[in-house]
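Plus 1 on top of the position in the sequence shown (first one is 1) and you've got this note's numbering. Step one of this worksheet: look at the structure below.
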Amino acid sequence: MEQQYPSQLLEKAVTEFSKLPGIGRKTALRLVLHLLRQPKEEVDGFAESMVKMAHEVKYCSVCHNISDTDICPICSDHKRDTSLICVVENIQDVMAVENTQQFHGLYHVLGGIISPMDGIGPNDIEIASLVKRVESGNINEVILALSPTMEGDTTNFYISRKLAHTHVKLSVIARGISVGNELEYTDEVTLGRSILNRTPFGN
2 MEQQYPSQLL EKAVTEFSKL PGIGRKTALR LVLHLLRQPK EEVDGFAESM VKMAHEVKYC
62 SVCHNISDTD ICPICSDHKR DTSLICVVEN IQDVMAVENT QQFHGLYHVL GGIISPMDGI
122 GPNDIEIASL VKRVESGNIN EVILALSPTM EGDTTNFYIS RKLAHTHVKL SVIARGISVG
182 NELEYTDEVT LGRSILNRTP FGN
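See below:
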């Protein structure tokens, strides 16, 4: 039986919240009713932060990480090792690696991994821009820090082929991470060790 709402405004808000990943209509209703109980200025601040983020957030022109500026704080940090690039699938993975405090180079966010089943090919992710960065001649090592899944391994292999002519050192994170695990859900100690104990990439 379909839920009946006493207000169309309430129903509209529930519908919008239920579009979020992992949020069903019951949870959406709970969240909306919680907001209704809050002071109006707090709800205004919540809504304003969402709108501001949607309109003003940028993607770093160098590494494609989320940023408030054209070049993100990591890429513009002169203390980072600019000869070392860690290739990750998404923004969550950058945050996961940063939380280990074991990596002090730069990043390259692919924005996905090659997955023919999902219709994602090499041209749909940021591989071409990675090749250009390496071809600039200032990069000594590229760490492939993709999740140890079939799609991650496929993407690693493709990247290795595209970078072969540059003769840059290629390495992969150590397999202390269980096969099939997503990088962002790996604990910080294991992830940190897997970066420090990285191994040369072998075709």
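The C-beta atom is built at its ideal place from N, Cα and C for all residues, glycine as well. Quantities reported herein were computed from a predicted structural model and do not represent experimental measurements.
Residue interval of the beta strand (DSSP E) (run including Leu107)
Note, Leu107: beta strand (DSSP E), 106-110.
Rounded to the nearest angstrom, what separates His109 and Lys170 at their Cα positions?
Roughly 16 angstroms separates the two Cα atoms.
Which term fits Gln9, buried or exposed, when burial requires 16 or more other beta carbons within 10 angstroms of its beta carbon?
With fewer than 16 other Cβ atoms within 10 Å, it is exposed.
I'd like to check one pair, Gly25 with His65: are the Cβ atoms closer than 8 angstroms?
no
Check whether chain D comes within 8 angstroms of Asp154, counting only Cβ atoms and requiring the distance to be less than that.
Among the chains of the structure shown, chain D does not appear; only one protein chain is present.
With DSSP as the reference, please indicate the residues paired to Ile86 in a beta bridge.
Leu107, Val143
Anyone know if the C-beta pair for Val98 and Leu21 falls short of 8 angstroms?
no
Alpha carbon to alpha carbon, what distance is there between Gly46 and Glu28?
Glu is not the amino acid found at residue 28; the sequence shown has Thr there. Taking the straight line joining both Cα atoms gives about 21 angstroms.
Could you give the DSSP three-state label for Val58: helix, strand or coil?
coil
On a Cα-Cα basis, can you pick out the residue from Leu11, Ala55, Tyr60 that is closest to Asn91?
Tyr60
How far does the beta strand (DSSP E) with Glu171 in it extend, from its first residue to its last?
Note that residue 171 is Leu in the sequence shown here, rather than Glu. Start and end: 170-173.
Look at the Cβ atom of Ile114, then the Cβ atom of Gly153, and state whether they are nearer than 8 angstroms.
yes
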